[in-house]
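Residue numbers (the numbering used here): 109 to 252.
Heads up, the beta-carbon is just placed ideally off N, CA and C, and yes, glycines get one too.
Following: one structure in structure tokens, then a few remarks.
Okay, structure coming up:
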């Protein structure tokens, strides 16, 4: 699993404190970007009437995703243990290919960089990238 140093965790928590108030917009934009740039991900959302970037379904899922990211920040010291139920949901019920966690993580990073260009320093970029990679691995845990 990706190892987060104490400094990485500190940086993630501090950055999250700055950006979490915009979580809804970050999530909505990241999901919309994922569906546009990686159209193969739409197969998991075929039950949505509207998959356009501005649809209520995209917004709702973006909010859900970022609530999960926020929860993961609070469980940063034990992502694997703290996210076991979310991993089970994605593996056994939703049956999401875990490669999609990396795709969405990338889009979250892109949106954060766009929305917070001054706060998204190289140090923040590295720490958030490591955190989202660790989060993706924790979510993929039940696939093994």
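Asked, Found
"How many Å lie between residue 109 and residue 150 at the Cα?", "Caution is warranted here: a pLDDT of 49 is assigned to residue 109, below 50, making its placement in the model unreliable, and the coordinate value is therefore given only provisionally. When rounded, the distance between both Cα atoms is 28 Å."
"DSSP three-state label for residue 147, please.", "helix"
"On the CB-based measure, 16 or more other CB atoms within 10 Å of its CB, does residue 202 come out buried or exposed?", "exposed"
"Could you check what DSSP says for residue 159 in three-state terms: helix, strand or coil?", "coil"
"Give the straight-line distance between the Cα atoms of residue 142 and residue 114, rounded to the nearest whole angstrom.", "30 Å"
"Can you find the residues in the same chain that come closer than 6 Å, C-beta to C-beta, to residue 244, ignoring five residues on each side of it along the sequence?", "209, 210, 213"
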